[in-house]
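Report on one structure; see the data block that follows.
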Ligand SMILES: *Cc1c(COP(=O)(O)O)cnc(C)c1O
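In structure tokens form, the structure reads like this:
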């Protein structure tokens, strides 16, 4: 999509606004499918938490994707979007037995990540097959907040606990149909990923009735021109060949599963916001936008670098700016960025705004969450409306009798 299309969308739907390009989502899905082309049974389960708009979920379902979910609400969203229960996998972390049972009752596949719940679930429901999440203790991922497979991580069942795990499976007579790992986001080193996969294969040999092995996700996408990214094609070649030979050894054609979130939707997303004020201080030129970390928290939360483009003046002279929000705390989107000259009223475009952007948005400072627009076949389609004041107060209980104003007291008399 072109800057002109984005500008038109900002004009039509107002700003700030999130825009998603379906073509990019589709091409990323096909690229990943193609990279693992030599695997007979491949299943991509889109990680809903990255971008959970119901129309996006429908698009994924149409592409033939399954759905990776982390809460019972995401499971229900997936069912509402038309996914068959068996195409949904529930991969929560530290949730209650009741929530897992609720998901199982809806017929979705269950992934359990700790021995306590495994034992309780297996004792009560030995007939429901379960996938187990293994922690291979491999340090991977872009930073400590998104690296989830290391030794101190809360995620998964440690490989050192396999003997205990096997004992539980034997005593409860439960059926393990899959094994899973998810080592973190922003993995760059393919060899680290392959090393973790070996641990998974080794673990898999303990179970006789597997249907699938799920390698999680964590593919790094480029955040700017020339940025490093996971070499999906090389990973596809190496892991596929290793997987195929494992299946021969195992004696069954297993399904190779992945749960990509960021890889499928990050680059498809654009966040558009207007510049309210250009402010020159003694040291810096600030451009303050009509948004803040209430709408896009990743730069402040993870130190993520989102490329920022002035789409109102893409050919203007470049100058250095710090782009900040309107929240009454420091909310810097980018410091000392070279951007085409900014005037008040210009629309700035934040790239890589598809994954973990809208889904992490909040109402902080009592602001409305922005609308979402899908760009599909050259047309803009509204897929979420901007919130209104009614949305903000909908669930609040205004107990007037408790603290009436002077005027209300008078009226009551
Ligand atoms: C978040 C998550 C994913 C998706 O990770 P990305 O880095 O967005 O691809 C996959 N699997 C599980 C279990 C997750 O929690």
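In our numbering, the protein residues as written are 2 to 414.
Glycine included, C-beta positions come from ideal geometry on N, C-alpha and C.
Note that this is a predicted model, so its numbers are computed, not measured.
Under 8 Å by Cβ, that's how I've got residue i and residue j pegged, so tell me the actual separation to the nearest angstrom.
i: residue 341; j: residue 323; result: Residue 341 to residue 323, Cβ: 15 Å. No contact.
i: residue 197; j: residue 263; result: No, residue 197 and residue 263 are not in contact; Cβ-Cβ is about 18 Å, not under 8 Å.
i: residue 109; j: residue 86; result: 5 Å
i: residue 395; j: residue 254; result: 50 Å between Cβ atoms; not a contact.
i: residue 179; j: residue 214; result: 7 Å
i: residue 50; j: residue 360; result: 6 Å
i: residue 30; j: residue 64; result: 5 Å
i: residue 166; j: residue 133; result: 7 Å
i: residue 270; j: residue 358; result: 6 Å
i: residue 79; j: residue 58; result: 6 Å
i: residue 48; j: residue 261; result: 6 Å
i: residue 76; j: residue 107; result: 6 Å
i: residue 312; j: residue 4; result: 4 Å
i: residue 67; j: residue 101; result: No, residue 67 and residue 101 are not in contact; Cβ-Cβ is about 18 Å, not under 8 Å.
Sort the options by Cα distance to residue i and report the nearest one.
i: residue 317; options: 334, 298, 339; result: 339
i: residue 272; options: 17, 234, 13, 41; result: 17
i: residue 367; options: 311, 125, 392, 413; result: 392
i: residue 164; options: 352, 86, 135, 87; result: 135
i: residue 10; options: 409, 362, 274; result: 274
i: residue 194; options: 172, 37, 159, 236; result: 236
i: residue 26; options: 312, 39, 56, 5; result: 56
i: residue 121; options: 53, 2, 174; result: 174
i: residue 116; options: 286, 242, 101, 159; result: 159
i: residue 233; options: 227, 226, 219; result: 219
i: residue 8; options: 386, 398, 310, 408; result: 310
i: residue 431; options: 216, 88, 191, 192; result: No answer is possible for residue 431: the residues shown for the chain start at 2 and end at 414.
i: residue 265; options: 128, 320, 52; result: 52
i: residue 301; options: 321, 362, 286; result: 362
i: residue 348; options: 365, 370, 289, 381; result: 289
i: residue 284; options: 259, 299, 321, 308; result: 321
i: residue 319; options: 344, 306, 399, 82; result: 344
i: residue 378; options: 60, 81, 104, 105; result: 60
i: residue 84; options: 105, 62, 73, 92; result: 62
i: residue 137; options: 162, 308, 353, 239; result: 162
What do you reckon, is the C-beta of residue i under 6 Å from a heavy atom of ligand 2?
i: residue 88; result: Here the bound small molecules are ligand 1; ligand 2 is not part of this structure.
Three or more beta-carbon pairs under 8 Å between the stretch 294-311 and the stretch 197-214, yes or no?
Flag = no, the stretch 294-311 and the stretch 197-214 do not touch.
Which ranges would you report for the beta strand (DSSP E) in the stretch 315-386 if only whole runs of at least 3 residues count?
319-325, 333-341, 348-351, 373-377, 380-385
Are the stretch 239-251 and the stretch 325-335 touching, with three or more C-beta to C-beta distances below 8 Å?
Segments in contact, no.
Entirely enclosed alpha helix (DSSP H) segments - the stretch 211-272, minimum 4 residues
233-251, 263-266
Could you name each continuous alpha helix (DSSP H) segment of 4 residues or more that falls completely within the stretch 19-63, going from the start of the chain to the end?
23-36
Complete runs of the alpha helix (DSSP H) confined to the stretch 164-213 [at least 4 residues]
191-205
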